[in-house]
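What follows is a set of notes on a single structure, which appears directly below.
Protein chains: 2
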Amino acid sequence: MLSTTFGALADPTRLAVIGRLSRGEATMGELAEPHRITPPAMTKHVGVLVDAGLVTRRRVGRTVVCTLRQEAFTEVEQWLGDLTSYWNSTVDRLEELLRGDDDDH
Amino acid sequence: MLSTTFGALADPTRLAVIGRLSRGEATMGELAEPHRITPPAMTKHVGVLVDAGLVTRRRVGRTVVCTLRQEAFTEVEQWLGDLTSYWNSTVDRLEELLRGDDDDH
DNA sequence: AGAACACTTCACCAATTGGTGAAGTGTCTG
DNA sequence: CAGACACTTCACCAATTGGTGAAGTGTTCT
Chain W
1 MLSTTFGALA DPTRLAVIGR LSRGEATMGE LAEPHRITPP AMTKHVGVLV
51 DAGLVTRRRV GRTVVCTLRQ EAFTEVEQWL GDLTSYWNST VDRLEELLRG
101 DDDDH
Chain L
1 MLSTTFGALA DPTRLAVIGR LSRGEATMGE LAEPHRITPP AMTKHVGVLV
51 DAGLVTRRRV GRTVVCTLRQ EAFTEVEQWL GDLTSYWNST VDRLEELLRG
101 DDDDH
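As they're listed, the protein sequences go chains W and L.
Going by our numbering, 16 is the number at position 16 of the first sequence; the sequence numbering is gapless.
Going by our numbering, 3 is the number at position 3 of the second sequence; the sequence numbering is gapless.
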């Protein structure tokens, strides 16, 4: 569900993790490092992102490497696109009309 | 904060409210009607959306009319744009390389 | 084999969230 | 002015969330 995706993004730490992962893969330790946070807390945060389908985890040696699943963001893009395209086709036109910017009529 | 915005969108009822308001203004009653939910619950949901800056409320007679604040979504658009533009400029190129689709080099 | 490392799982806690019914506030209608 | 109407505020509740320290798991290093 889309609300689950937004729920996963509804936390500054997790948003920062997404930002970090958008620059490339990272281990749990690398993700935790900039945030004054304990390992269990980061495990939970990444768990939320994995459950929402935004991130994948795999074991590499004794580390765990996390990767962003770009496909998961297409749903959000779609939703936002639908929302804003509607405005562009109706509200903006109406505003133009109200302002009198009706040159092309 | 962006995480607050996502937090406001992290609920199916509130997502439906946003969808409804994208088609035009609506009263609290109109917003509550399709969701088997009590008035206090809808007051809370809309309150969350107002606090996040996504919606404005104004009294009209004895009803309360809600309106979407489109500007609030530009922050999300910006964030999503940054995220995906990065993939388009690097990851896709890398994948092309790995697949051997390097015709234009 | 034993120690160090990089997490994860396991209680556990305080704060927040989504819901409720009951009572309160402001507005229109007869 | 009395009642109906459209909410909102007020406790209150159960479930979820974000955090912790302590103990457990799997991997590498010596």
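The C-beta atom is built at its ideal place from N, Cα and C for all residues, glycine as well.
Can you pull the chain L residues whose beta carbon is under 7 Å from the beta carbon of residue i, in chain order?
i, result
"G7(W)", "A10"
"L15(W)", "L2, S3"
How is the beta strand (DSSP E) around residue i delimited, first residue to last?
i, result
"R57(L)", "55-60"
"T67(W)", "63-68"
Do the CB positions of residue i and residue j come within less than 9 Å of each other?
i, j, result
"V48(W)", "R14(W)", "yes"
"R59(W)", "C66(W)", "no"
"L80(L)", "V64(W)", "no"
"L9(L)", "F73(W)", "no"
"S3(W)", "D11(L)", "yes"
"M28(L)", "H35(L)", "no"
"L31(W)", "R23(W)", "no"
Show which residues of chain W have a CB atom less than 9 Å away from the CB atom of residue i.
i, result
"L31(L)", "Correct list: empty, because the minimum Cβ distance to chain W is about 16 Å."
Does the CB of residue i have a neighbour CB from chain L at under 9 Å?
i, result
"Y76(W)", "According to the sequence as given, residue 76(W) is Val; it is not Tyr. Yes, V76(W) lies at the interface with chain L (some Cβ there is under 9 Å from its Cβ)."
"T84(W)", "yes"
"H105(W)", "Model confidence at H105(W) stands at a pLDDT of 45, short of 50, so the residue's coordinates are unreliable; what they give is reported in the following sentence. It does not; no Cβ of chain L falls within 9 Å."
Can you tell me where the alpha helix (DSSP H) holding residue i begins and where it ends?
i, result
"D11(W)", "No alpha helix (DSSP H) contains D11(W), which DSSP labels as neither H nor E."
"P40(L)", "39-51"
"A72(W)", "Per DSSP, A72(W) belongs to no alpha helix (DSSP H) and is neither H nor E."
"G24(L)", "Premise fails: G24(L) is in no alpha helix (DSSP H) and is neither H nor E."
"M1(L)", "M1(L) -> no alpha helix (DSSP H), and no H or E assigned at all."
"E33(L)", "Premise fails: E33(L) is in no alpha helix (DSSP H) and is neither H nor E."
Could you work out which residue in the options is closest to residue i when comparing CA atoms only?
i, options, result
"E25(L)", "S3(L), P39(L), V55(L), T84(L)", "V55(L)"
"F53(L)", "L21(L), Q70(L), R62(L)", "Just to set this straight, residue 53(L) is Gly in the shown sequence, not Phe. The shortest Cα separation from G53(L) among L21(L), Q70(L), R62(L) belongs to Q70(L)."
"V17(W)", "P40(W), M1(W), L68(W)", "L68(W)"
Checking contacts by CB at 9 Å: is residue i closer than that to chain W?
i, result
"L49(L)", "no"
"I37(L)", "no"
Determine the chain W residues that contact residue i at a beta-carbon separation under 7 Å, and present them in chain order.
i, result
"L54(L)", "Chain W residues near L54(L): none, gap ~11 Å exceeds 7 Å."
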